[in-house]
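In what follows, a structure is listed as structure tokens, so that the remarks can point back to it.
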DNA sequence: TTATTTATATGATATAAATCAGATTTTCTA
DNA sequence: TAGAAAATCTGATTTATATCATATAAATAA
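Protein chains in written order, with the numbering used here: chain A, 1 to 239; chain B, 1 to 239.
What follows is the structure, given as structure tokens:
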């Protein structure tokens with residue numbers, strides 16, 4: 001039996017699904033998920049879940065942007081990553097049978113589906129290809145985190161900021177007139193949280209990058225003018 | 001059919017297995033693994049695998065200690081973690097269907113079983129409880145890495161070193177006379193690789209900790225004299 | 001709109017930690 | 001066992017970046 005609430009369009013019709021781990025789940029499974037999911041609209045600033053609390057299901061982002069972060073003992077936020085359309089949230093905590101290891105907050109208005117724990121888990125167990133895909137995603141994430149840790153300890157703030165800008169360009173970049181606008185609204189403080197540094201340092205370095213014609217600043221938005229230059233800075237090819 | 005090479009004792013009899021992800025695999029599965037695994041002795045300094053190469057199976061540590069590390073572009077090693085008896089290596093790369101994201105080197109003479117890719121994967125698919133356990137382990141690892149990243153960006157070297165010493169004490173500590181000897185041989189350079197700092201900084205801070213009666217130094221071995229003091233340093237409870 | 005708060009920006013200063021250099025000790029090896 | 005090489009240690013110096021302080025601009029609320 002398949003219910004279909006007005007505000008709850010079926011997963012089969014979801015345009016974000018093709019970007020997600022649900023992408024090639026068989027029709028039958030999709031219907032089960034669809035039947036039990038709950039699509040909720042979130043406004044900027046809302047918290048999806050808090051570190052230390054118990055996961056009751058997983059989130060799948062239909063639209064919007066979410067920051068995943070840990071709050072350090074000095075009160076500063078370390079942003080682990082930004083999640084968008086098609087991304088799953090909270091499945092690591094669920095599979096790890098642990099409380100959330102991080103918190104998540106909406107940074108651009110979002111529509112997010114919630115799929116209850118048992119629906120998600122039984123779907124995994126009933127479909128080993130899906131399970132494998134989820135495991136693949138977890139594994140990939142580990143490699144990404146290893147890279148981030150290595151960068152954090154071995155690279156300078158300047159290098160890391162340049163690298164983060166390039167990455168943001170890859171994910172949120174809108175091309176135009178030979179330059180690339182990073183189309184996501186991040187405060188300087190949040191940018192600092194991604195890089196893992198002080199807000200003032202980010203502001204200072206952005207000014208420097210601007211002076212060096214690597215970027216342009218349009219309010220909160222950053223426009224990348226010279227990807228090659230940033231790439232040179234981000235690595236160790238001179239600098 | 002179960003072969004049993006002289007140097008290749010069956011997994012059913014392996015005393016390290018109870019610490020591993022194989023711990024409650026059913027007898028039938030154990031036999032398959034046992035039949036296809038290969039136990040190899042490794043000497044200190046040997047490389048198990050290199051970052052960027054293709055995983056052909058997984059490693060399960062029977063004895064010894066292995067460091068898992070990434071080499072940064074400045075040539076320095078960031079040690080991701082140390083692995084010991086019962087730990088699995090290389091399964092994330094296998095499940096992620098990617099090349100190794102890190103390298104691994106023996107730091108204390110080790111006996112390590114190699115289980116070929118298809119044997120491991122078919123075992124996973126045939127036993128969903130095992131698969132779930134592996135997924136749980138991957139998920140846990142992600143949380144650990146998030147914590148490490150946050151520490152790396154938000155804590156001082158002094159705090160991180162104190163924290164690393166406590167962790168090493170937990171894993172390798174041998175109690176005796178109110179103090180705890182860290183019974184694993186790490187060079188100062190490797191300790192620096194764990195903390196994510198320069199070798200000289202580690203040496204200097206160890207001297208300082210010694211002066212402050214937090215630890216004692218016996219050649220390469222470190223003896224923790226004051227866990228409480230180190231804990232105070234490692235966190236932000238004054239310092 | 002104006003007032004108030006919050007975010008961004010820039011300068012001055014302090015400091016942790018890297019780097020460079022040299023001495024001593026330990027480990028390796030021929 | 002001697003000699004060479006590597007690791008540890010300590011000191012001096014430099015540098016990147018955090019912190020503190022204050023000004024300006026932008027966002028929000030009254």
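Here a beta-carbon is modelled for each residue, glycine too, at the ideal position from N, C-alpha and C.
For clarity, every value in this text was computed on a predicted model and none was experimentally measured.
For a contact meaning CB atoms closer than 7 Å, what does residue i contact in chain A?
{"i": "residue 131 of chain B", "result": "131"}
{"i": "residue 78 of chain B", "result": "149, 150, 153, 154"}
Quick one: what's got a C-beta closer than 6 Å to residue i's C-beta in the same chain, skipping five residues either side?
{"i": "residue 15 of chain B", "result": "none"}
{"i": "residue 52 of chain B", "result": "99"}
{"i": "residue 209 of chain A", "result": "215"}
{"i": "residue 172 of chain B", "result": "182, 183, 184"}
{"i": "residue 147 of chain B", "result": "none"}
{"i": "residue 201 of chain B", "result": "157"}
{"i": "residue 34 of chain B", "result": "10, 11"}
{"i": "residue 229 of chain B", "result": "214"}
In terms of DSSP beta bridges, what is residue i paired with?
{"i": "residue 10 of chain A", "result": "In the DSSP output, where bridge partners are listed per residue, residue 10 of chain A has none listed."}
{"i": "residue 179 of chain B", "result": "B:176"}
{"i": "residue 217 of chain B", "result": "B:222"}
{"i": "residue 114 of chain A", "result": "A:38, A:59"}
For residue i, collect the residues of the same chain with a Cβ closer than 8 Å to its Cβ; drop the 5 residues on either side in sequence, then sort them by chain order.
{"i": "residue 68 of chain A", "result": "79, 80, 81, 82, 83, 89, 102, 103, 104"}
{"i": "residue 205 of chain A", "result": "157, 158, 161"}
{"i": "residue 46 of chain B", "result": "105, 106"}
{"i": "residue 29 of chain B", "result": "123, 126, 127, 130"}
{"i": "residue 141 of chain A", "result": "92"}
{"i": "residue 164 of chain B", "result": "191, 194, 195"}
{"i": "residue 203 of chain A", "result": "188"}
Using a C-beta to C-beta distance shorter than 7 Å, which residues of chain B count as neighbours of residue i?
{"i": "residue 125 of chain A", "result": "128"}
{"i": "residue 148 of chain A", "result": "149"}
{"i": "residue 102 of chain A", "result": "146"}
{"i": "residue 70 of chain A", "result": "146, 150"}
Name the residue from the options whose alpha carbon lies nearest to the alpha carbon of residue i.
{"i": "residue 169 of chain A", "options": "A:135, A:227, A:49", "result": "A:227"}
{"i": "residue 98 of chain B", "options": "B:50, B:204, B:124, B:137", "result": "B:50"}
{"i": "residue 196 of chain B", "options": "B:157, B:224, B:219", "result": "B:157"}
{"i": "residue 27 of chain A", "options": "A:10, A:159, A:115", "result": "A:10"}
{"i": "residue 119 of chain A", "options": "A:57, A:47, A:144", "result": "A:57"}
{"i": "residue 64 of chain B", "options": "B:187, B:43, B:223, B:47", "result": "B:43"}
{"i": "residue 235 of chain A", "options": "A:162, A:217, A:187", "result": "A:162"}
{"i": "residue 107 of chain B", "options": "B:48, B:152, B:204, B:54", "result": "B:48"}
{"i": "residue 167 of chain A", "options": "A:223, A:61, A:127", "result": "A:223"}
{"i": "residue 18 of chain B", "options": "B:87, B:129, B:112", "result": "B:87"}
{"i": "residue 129 of chain A", "options": "B:95, B:111, B:139", "result": "B:95"}
{"i": "residue 218 of chain A", "options": "A:164, A:200, A:154, A:187", "result": "A:187"}
{"i": "residue 62 of chain B", "options": "B:172, B:165, B:40", "result": "B:40"}
{"i": "residue 178 of chain A", "options": "A:225, A:125, A:133", "result": "A:225"}
{"i": "residue 110 of chain A", "options": "A:70, A:221, A:85", "result": "A:85"}
{"i": "residue 232 of chain A", "options": "A:35, A:212, A:13", "result": "A:212"}
{"i": "residue 192 of chain A", "options": "B:35, B:153, B:112, B:66", "result": "B:153"}
{"i": "residue 24 of chain A", "options": "A:113, A:207, A:124, A:117", "result": "A:124"}
{"i": "residue 194 of chain A", "options": "A:136, A:70, A:146", "result": "A:70"}
{"i": "residue 66 of chain B", "options": "B:201, B:200, B:190, B:198", "result": "B:190"}
{"i": "residue 221 of chain B", "options": "B:174, B:198, B:229, B:199", "result": "B:174"}
{"i": "residue 32 of chain B", "options": "B:127, B:91, B:76, B:77", "result": "B:127"}
{"i": "residue 73 of chain A", "options": "B:199, B:151, B:164", "result": "B:151"}
{"i": "residue 199 of chain B", "options": "B:144, B:21, B:76", "result": "B:76"}
Could you check if residue i belongs to the surroundings of the ligand ADP, using beta carbon to heavy atom distance under 7 Å?
{"i": "residue 42 of chain A", "result": "You won't find the ligand ADP in this model; it holds no ligand whatsoever."}
Ignore the nearest five residues each way along the sequence and tell me which others in residue i's own chain have a CB closer than 7 Å to its CB.
{"i": "residue 122 of chain B", "result": "none"}
{"i": "residue 114 of chain A", "result": "37, 38, 40, 57, 59"}
{"i": "residue 93 of chain B", "result": "55, 99, 100, 101"}
Which residues of chain B have a Cβ atom closer than 9 Å to the Cβ of residue i, listed in chain order?
{"i": "residue 198 of chain A", "result": "Under the 9 Å cutoff, chain B gives no residues; its nearest Cβ is about 10 Å from residue 198 of chain A."}
{"i": "residue 138 of chain A", "result": "92, 95, 96, 135, 138, 139, 141, 142"}
Quick one: list the residues of chain B neighbouring residue i, beta-carbon separation under 8 Å, in chain order.
{"i": "residue 189 of chain A", "result": "The premise fails here: residue 189 of chain A is roughly 14 Å from chain B at the closest Cβ pair, so nothing lies under 8 Å."}
{"i": "residue 152 of chain A", "result": "149, 152, 153, 196"}
Can you pull the chain A neighbours of residue i, defined as C-beta to C-beta under 9 Å?
{"i": "residue 15 of chain B", "result": "Within chain A, no residue comes near residue 15 of chain B; the closest Cβ sits about 26 Å away, beyond 9 Å."}
{"i": "residue 29 of chain B", "result": "Within chain A, no residue comes near residue 29 of chain B; the closest Cβ sits about 15 Å away, beyond 9 Å."}
Please list the partners that residue i has in chain A, where partner means a Cβ-to-Cβ separation under 8 Å.
{"i": "residue 235 of chain B", "result": "73"}
>> I'd like the ranges of any alpha helix (DSSP H) spanning at least 4 consecutive residues and lying wholly in the segment 15 to 65 of chain B.
In response: 27 to 36
> Which whole runs of the alpha helix (DSSP H) in the segment 66 to 107 of chain B are 4 residues long or more, in chain order?
Replying inline: 91 to 96
>> For a minimum of 4 consecutive residues, which ranges assigned as the alpha helix (DSSP H) are wholly contained in the segment 139 to 199 of chain A?
In response: 157 to 172, 188 to 195
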